[in-house]
Structure formats: structure tokens, C-alpha cells
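Beneath this line is the structure, given in C-alpha cells, with notes to follow.
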Amino acid sequence: MFRAVLLLLIAFASPALAASMVQNPHTRVELIAESAVPAPGKTTTLAVVMAPQKGWHTYWKNPGSAGMETQAAWTLPEGVIAAAIRYPVPSTFTVSGIMNYVFEGESALLVDLAVPPLALGTPLPVKVRVDYLVCDDELCVPESADLALDLGVGDGAADSATAPRFEKARAALPRPVDWPARYARADGRFRLSVDTAGAGDISRAYFFPEADGVLDYDAPQAVSRDGDTLVIETAAGANADPGEVTGVLRLDRADGSHFGASLRANAGEVAAAGAPL
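First residue of the sequence shown? That's 9 in the working numbering, and the numbers climb one at a time after it.
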């Protein structure tokens, strides 16, 4: 119900003129392109860059117990196709015992565009309506941004002005890994084991499920490790048979750095708990 009400509020928000950057009351939103001259028959990448005010946050694809996933509605030339948003690794944010999955600083949401084999010089006007929720620890506000870029079919050369930003954005994405992962549900508990070979020294771990109902967001995650095997245990969610479980395993290191691993886990035998992390 909470998310449905938010969607209705956003739907009735006043439209605005499109620009490549919009400064809203609590967030700056920008649309940038890796190349202003994407090559015909190839894929190019755009980014919706969101920068909330200090103390405010936006949300991951699964927002957790509350919040809302960012919505992007594209208006594209015929034949141009936008892929799903690729999100950076999120952080946890708890207020009044409610767990949210968020971005507290600037985040870049990457979107690949498939460009058809058009003639060189063909204009490619790109527009997107971005609807999202921005919150601090007391208040949530629905905001929107109408963004636009004028691209043109060309040689696919990268834009030197945006190249560092795309390099940073890709570094913030979850890494694809081939770590074996299994989960089990029993007696109201959800247990996940992951073989994290090559992960190095880890000081903290947290699993962000992509689908709702896999686990209880507000329950703590107990993490243990035995060699390379990491085990996470928490309260199970409402979905009694989630099938393949996908999500992001965030691993924090003692030096303050972190990275995320894209996981796929199927039901199976889960290793015994090791030493608490």
C-alpha cells in the first residue's frame, strides 16, 4: 500500500521541460552518454546520475521494507531499445527498526541502448522520465525529472568528458562471480552459504536479495566464515518457495573499501556456521 500511494503521487506530479540535468528540491538528476555519436548496429551506454542532498538517500532495485525502486520511462527513436537499469552496490539504512536498501551519496544507474543499423548522421533524440523517492530519516518525498540528450549515429567514439564518470560507475557495479551458492529454509530461518574463494580479508558481509519475500528485511543477518565458506543466517521471508535466489553479496574490507558480488543460489545443503565475522 505504501508503494502504491507513492506511485499515485508521482503519477500526478506536474510535467517539466526536458533537460540533461534537473535540480530538484532534494536531488540533482542528470542524464549522460558514454558516446554522443553511438555506432550503428552497436550498443551504447547512458547513465542516470542521482545526487541527493547530504542526509538524504535514494533506493536500490529492491528498496527493502519501505521505499520505492527508481522508475525510468524512455522515449526513443524507432528501433532503439533500452535495457534494464544496472544498479551499483547498495548500502543498508535502518530507521526505527525498518531496513532499507539505499544510495546515500551519488549513484549512477547504467542503461544500455541498442542502436539499429541506421545511416551515419541520423539524429537520435533520447528522453527519459525518472520517477523516484528520496528520503531522510524523518521524511520521504516523491520527485521526478524529465531528461533529454540529442545524440547522433556516428563512429561510436567515447566522450572524453564523461569517460571518467562511466569508469567510476562500472567500478561500483556488482561483479559477476562464479562462486557456488546454496540456500535452505527451515523453521522460519533462511540460511545462505557461499564459497568466496579469492575474496580476501572480509570484515563485514550483507546479502541484498533482488526479489521480495526471500528474507525478513528487518531481521539481523548473522554472518560466519570457515575458510572461504561464508554463511549468512536470518529470518525467512514470506515466500515459502523462492526458487532460484538472486541478489548482491556486499563484502566490506577492514580498510574501508567494499565490493559486491552478483549471486545466484539454488536450494540445497548449506554448510555449518563457522566463526562469527
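Yeah, the Cβ is synthetic: ideal placement off N, Cα and C, and Gly gets one too.
Note the first and the last residue of the continuous beta strand (DSSP E) segment covering residue i.
i, result
"ALA275", "266-275"
"ASP167", "It is not in any beta strand (DSSP E) - ASP167 carries neither H nor E in the DSSP assignment."
"TRP82", "79-83"
"LYS135", "131-143"
"ALA156", "148-160"
"VAL56", "51-60"
"VAL30", "29-31"
"ARG36", "35-41"
"TRP68", "66-72"
"LEU117", "115-122"
"VAL110", "106-111"
"LEU45", "Correcting the residue type first, residue 45 is Val in the shown sequence and not Leu. Premise fails: VAL45 is in no beta strand (DSSP E) and is neither H nor E."
"VAL103", "99-103"
Under a three-way DSSP split, which group does residue i fall into?
i, result
"ARG178", "helix"
"ARG261", "coil"
Does residue i come within less than 8 Å of chain B when only Cβ atoms are used?
i, result
"PRO124", "Going by chain labels, chain B is absent from the structure shown, which holds only one protein chain."
By Cβ distance, which residues of its chain are closer than 8 Å to residue i, with the 5 residues on each side in sequence left out?
i, result
"LEU121", "PRO46, THR51, THR52, THR53, LEU54, LEU84, VAL88, ILE89, ALA90, ALA91 and VAL134"
"ARG183", "PHE267, GLY268, ALA269 and SER270"
"ILE93", "VAL56, LYS69, THR78, ALA80, LEU117, LEU118 and VAL119"
"GLY264", "none"
In chain order, what residues of the same chain lie with their CB nearer than 7 Å to the CB of residue i, ignoring the 5 residues before and after it?
i, result
"ILE106", "SER73, ALA74 and ASP226"
"ASP220", "ASN70"
"ASP163", "VAL45 and ALA47"
"LEU292", "The requested residue 292 is not part of the displayed model; the chain covers only 9 to 285."
"ALA165", "SER43 and VAL45"
Quick one: what's got a C-beta closer than 6 Å to residue i's C-beta in the same chain, skipping five residues either side?
i, result
"ALA116", "ALA55, VAL57 and ALA177"
"GLU218", "ASN70, THR254 and GLY255"
"ALA44", "LEU159 and ASP167"
"LEU157", "SER28, LEU39, ALA41 and VAL134"
"PRO124", "GLY87"
"ILE210", "LEU259"
Quiz item: In chain order, which alpha helix (DSSP H) runs of at least 4 residues are fully inside the stretch 192-259?
Solution: none
Practice problem: Say whether the stretch 88-108 touches the stretch 247-263, bearing in mind that this needs 3 or more beta-carbon pairs closer than 8 Å, one atom from each stretch. | Solution: yes
Quiz item: If we count Cβ pairs, one from each stretch, closer than 8 Å, do we get three or more for the stretch 66-75 versus the stretch 170-185?
Solution: no
Quiz item: Should the stretch 108-115 be regarded as contacting the stretch 148-156, the criterion being three or more beta carbon pairs within less than 8 Å?
Solution: The stretch 108-115 is not in contact with the stretch 148-156.
Quiz item: Taking contact to mean at least 3 C-beta pairs separated by less than 8 Å, is the stretch 124-138 in contact with the stretch 61-72?
Solution: no
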